[in-house]
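**Student:** Okay, so the sequence shown: first residue is 4 according to this note's numbering, each after it adds one.
The beta-carbon is built from N, C-alpha and C at its ideal position, and this holds for glycine as well.
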Amino acid sequence: MICFRSVKGHKMKKILVTGATGQIGSELTMALRDQFGADNVVAAGHSRQPLPNLQQSGPYCQLDVRDSSALRQLVEDYQIDTIFHLASLLSAVAEEKPQQAWDINMNGLLNVLETARLHDCAVFFPSSIGAFGAGTPAIDTPQDTIQRPSTLYGITKVAGELLCDYYHQRFGVDTRGLRYPGLISNIALPGGGTTDYAVDIFYQAVKNGHYDCFLGADTQLDMMYMPDAIDAAIQLMKTDGHKLHHRNAFNITAMSFTPRQLAAEIQKHLPGFTLAYRIDPVRQTIADSWPRHMDDSAARAEWGWQPRFNLSKMVGDMLDKIALKLSKG
Ligand code: SER
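#1: For Tyr228, decide whether its Cβ has a neighbour in chain B, counting only Cβ atoms nearer than 7 Å.
#2: Quick check: the segment 267 to 286 against the segment 114 to 127, are at least 3 beta-carbon pairs closer than 8 Å?
#3: What is the chain-ordered set of residues for which the beta carbon lies under 5 Å from any non-hydrogen atom of ligand 1?
#4: If the criterion is Cβ atoms closer than 7 Å, does the pair Pro294 and Thr144 meet it?
#5: Under a Cβ-count criterion, where at least 16 other Cβ atoms within 10 Å of its own Cβ denotes burial, should Asp147 be classed as buried or exposed?
#6: Can you check DSSP and say which residues form a bridge with Cys216?
#7: Would you mind sorting Ser94 into buried or exposed? The rule is 16 or more other CB atoms within 10 Å of its CB.
#8: Using the C-alpha atoms, what's the distance from Asn189 back to Met321?
#9: Exposed or buried, Arg173, counting other C-beta atoms within 10 Å across all chains shown (16 or more means buried)?
#10: Taking Cβ to Cβ, would you say Val45 is nearer than 7 Å to Tyr81?
#11: Can you give me the C-alpha to C-alpha distance between Asn56 and Val202, rounded to a whole angstrom?
#12: Which stretch, first to last residue, makes up the beta strand (DSSP E) that contains Val68?
#13: Which residue marks the beginning of the beta strand (DSSP E) containing Val44, and which one marks its end?
#14: Using DSSP bridges, identify the partner residues of Leu224.
#15: Quick one: using the 10 Å Cβ neighbour count with 16 as the cut-off for buried, is Ala104 buried or exposed?
#16: For Leu239 and Trp306, which I take to be in contact (beta-carbon distance under 8 Å), what is that distance rounded to the nearest angstrom?
#17: Could you give the distance in angstroms between the alpha-carbon of Ile149 and the alpha-carbon of Gly136?
Structure (structure tokens):
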């Protein structure tokens, strides 16, 4: 990607997180507050009742990202210079509500980019393995390759990547982004994604010792533990912009496994755990169109991407944290 306009030195003093109550936002907001000061990180979500720690540890505002004037007001009121724009519908729920998914995913992003252009903000935008389709090489998926997704979610992610590139090239907005794989976390539930099985399985393993998986035994997908996903977003936004050749939509991955392999790793800790398969045809079709393993060498070379958690480290930590969470009720 050729940058026609240079970007100014990066700031990150006053940060807005949209989708702050979601799977990534719940943890990213807290990590940003730790690093940049609680009062300097404004959490915005559509929920009136976010997790108490989000509301108690710093500013929280209710926001629908489709409301451009409310978004602009928020950016002006708090003198925001950086927006982590996470508000979006995930793949499976987007197939149920395609028109609403287009509205939230595309118009929300357009509002954020316009606000960023007018108020000189940097923007982080999460893309996904969902931005690829059945025609993309599934093994070692290149950074720059065919992108013809067959899901509404994927279409909004490709369009989002291109729109972020456009705002950078045309208006000099400092846009940056990552293509996340399936994300595994123990704080907020994902809610409506194709990779959700890799989170649900831990709760069911600890609670019931059994899980009915909605993807087939050998469905291999890229995955990542949330602490790595959070570090990646912050590290990319802190990087000197002149080092970035790709800027938006960096492939990143930390591990790649099938439900069968994940279950075998869980059984090392919980030998009685059993897995059965009750395939959901919609999510199976989506998963079958996504990469098995992405090549993330551009991210490694351009801004030093390096995950900390592999499969065994992630499984050990997840089981500990979920057991603790469930024991507290
Ligand atoms: N985890 C997401 C989903 O399954 C992919 O980006 O929709």
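**Tutor:** With the structure as the only source:
#1: Annotation note: the requested chain B is absent from the structure, which comprises a single protein chain.
#2: With the cut-off at 8 Å, the segment 114 to 127 and the segment 267 to 286 do not touch.
#3: Counting every residue whose Cβ lies closer than 5 Å to a heavy atom of ligand 1, we get Leu93, Ser94, Ser131, Gly133, Gly185, Gly196, Thr197 and Thr198.
#4: It is a contact, given that the beta carbons lie within the stated cut-off.
#5: Its Cβ having fewer than 16 others within 10 Å, Asp147 is exposed.
#6: In the DSSP assignment, the residues bridged to Cys216 are Tyr280.
#7: Under this definition Ser94 is a buried residue.
#8: Computed Cα separation, rounded: 7 Å.
#9: Result: exposed.
#10: It is a contact, given that the beta carbons lie within the stated cut-off.
#11: About 22 Å.
#12: Per DSSP, Val68 belongs to no beta strand (DSSP E) and is neither H nor E.
#13: Residues Val44 to Gly48.
#14: Beta-bridge pairing links Leu224 to Phe260.
#15: Taking every protein chain shown into account, the CB of Ala104 has 16 or more other CB atoms within 10 angstroms, so this residue is buried.
#16: That pair is a contact at about 6 Å.
#17: Each residue's Cα considered, the two are about 8 Å apart.
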